[in-house]
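Written below as C-alpha cells is the structure these notes are about.
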Ligand code: ARG
C-alpha cells in the first residue's frame, strides 16, 4: 500500500512490531461502517462516480459478510484492519477499490473507527451500570428496615440499615453512569475528513459523514482530530472509577461472607470450592473484581503514559491505544455482571447483622444525644458522661441498655428511665431521619427516587 518509494521490503522484525491487525481486527465493523459512509459521501460530492461508489459499497458489504462468517484474517504484511479490508476489497472488485482512500488517511480512519468502538463500549458500560443499579435498589427496598452495624475504621460506629448501605453504592453507580454519559457526549464528534493531519483539498462533506455515523458534528481541528485520544482516556477514567467502586463493593461482600462476620451467604453460582478443604465456599468472583480493578487502572495508566509526550499530530505510538481499552472494556463488563449477580443473588443474614449491631456500644451516640435533648447538657459533656457509661458496661461485660437505672444515675443523676427507649438499635436508626440519613423511612424515600430515576416506576 505504501511501497512506491522503497527499494527493500520490511524485515520480519519490522513487520511484527508494526502489525496491529492481531488486535485492531476488533474494529472491523466500525471500519466497514466508516468506509461506507466515506464512499457514499465521495459519490454524493462527485469525487468518485456514482457507479464506482456503488461498486465499492457492494464490495465492502461482501468483505463484511466474509468477516462475519469466517473472522478477520490476520496477515502481518497487511499491518492493520484498514489495509486488510482494502486489500480484500481490491481482490474482490479490482482497481476501483483504490478510489475508496481518496480524501482520507489511515490517521483519520483509525481515529474514527476507534471513536465508534469506544462509543459502543460507553453504551455497554452504561447498560451494565444500570443493571447493577436496578439490583441495588431492589435489595435496598427489601432491606430498608434491616439493621446492621455501620462502621468507621471498620470498627462498629452506629447502627445503620442494610438498605442504606446498599444505596450508598447506588449513589456511586449513579455518578459512574453520569461520567460515562458525559464522556460519550464529548466523544461524539467525527474526525473523518481530517485526512493525514491537515484536511484535504477534495470538496468533501464532513457534516454528511458525521451524520451518517451518528456523530453530533465533525471535529473542528484536523491536527487535533488525528492525534486526540481523550475519548479513550475519558472512557478509561470512567472505567477505572467504576471498577474502583466495584472493588469496594466486592470487598464488602468478601468481609461480610467471612465466618466471623457471617452477614451474607453468597450465591453458589458466584462462588467456588476448595480442592482440599471440603467445607470451603470462597468468594472468588468478588476477589477477582477487586483484583481486576487493578488491571483496569493499569490500562488507564498505560494509555496516559503513551500519550503524554507525543507532539502533534499522529505518531505510531498511538497504535498502542487499543489493547488497554479493549482489555479494560472486557474486564469492566465482566466485573459489572459479577457484582450485579452478587447483589441480586446474595442471601443477607439479617439476624446476625442485627445481633452484631447490638455489640460494640453502637448506640453510645444515642445516649449522648439523649442527654443533650432531654437534659439540655452540652454535647461535649454528654460525650464524656456516655464514655463513663460505656466504660462501666464494658467492665461488666454488658450492653449499654443492660445497665440499671441506678448505675446510670450514679454516673449522672440527670438520667431518667426514658433513656432506655433511646438505646435500642431500632430507635437509633429511626431517629436518624435527616435528609440522606439511615432512618428506614428516609431510605424508602431514596429508594423510590432512585426507582424513578431508573424508570422503574
Ligand atoms: N494501525 C495504525 C494505528 O492503529 C493506523 C494508522 C496508521 N497511520 C500511519 N500513519 N502509519 O494507529
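In the working numbering, the protein residues as written are 7 to 463.
Cβ coordinates follow ideal geometry from the N, Cα and C atoms, glycine included.
These numbers were taken from a predicted model, which means no experiment stands behind them.
* **Buried versus exposed call for residue 385 [16 or more other C-beta atoms within 10 Å across all chains shown]** => exposed
* Can you check the region 57-100 for any alpha helix (DSSP H) of at least 4 residues that lies completely inside it and give the ranges in chain order? => 87-99
* **Residue burial classification, residue 221 (beta-carbon count within 10 angstroms, cutoff 16)** => buried
* By DSSP, does residue 113 sit in helix, in strand, or in coil? -> helix
* Where residue 71 and residue 214 are concerned, what is the direct C-alpha to C-alpha distance, given to the nearest angstrom? -> 25 Å
* Inter-stretch contact at 8 Å, needing at least 3 Cβ pairs: the region 372-379 / the region 427-438 -> yes
* **Residues of its chain near residue 84, where Cβ-Cβ distance is below 7 Å and the 5 sequence neighbours each way are ignored** => 27, 90 and 93
* Asked: Would the beta-carbon of residue 359 fall within 8 Å of that of residue 259?
  -> no
* **Element boundaries [beta strand (DSSP E), containing residue 385]** => Residue 385 -> not in any beta strand (DSSP E); alpha helix (DSSP H) instead, spanning 385-402.
* To do: Indicate the three-state DSSP secondary structure (helix, strand or coil) for residue 442 in the structure shown.
  => coil
* Can you find a heavy atom of the ligand ARG that lies under 7 Å from the Cβ of residue 57? -> no
* Asked: Residues bridged to residue 154 by DSSP?
  -> 166
* **Rounded distance between the beta-carbons of residue 99 and residue 62, thought under 8 Å** => 7 Å
* Beta-carbon proximity check, residue 103 vs residue 49, cutoff 8 Å -> no
* Beta-carbon contacts of residue 204 that lie in its chain and below 6 Å, excluding the five residues immediately before and after -> 228
* Asked: Ends of the alpha helix (DSSP H) at residue 379?
  -> 370-381
* **Cβ-based neighbour list, residue 218, same chain, cut-off 7 Å, excluding 5 preceding and 5 following** => 43 and 46
* Asked: Does the beta-carbon distance from residue 423 to residue 391 come in below 8 Å?
  -> no
* Does the distance from the CB of residue 398 to the CB of residue 387 come in under 8 Å? -> no
* Contact with chain C by residue 207, beta-carbon distance below 8 Å -> Annotation note: the requested chain C is absent from the structure, which comprises a single protein chain.
* When burial is assigned at 16 or more other CB atoms within 10 Å of the CB, is residue 199 buried or exposed? -> buried
* Asked: Between residue 31 and the ligand ARG, is the CB less than 7 Å from at least one heavy atom?
  -> no
* Verify whether the separation of the beta carbon atoms of residue 294 and residue 351 is less than 8 Å. => no
* According to DSSP, what are the bridge partners of residue 354? -> 270
* Asked: Span of the alpha helix (DSSP H) holding residue 253?
  -> 236-263
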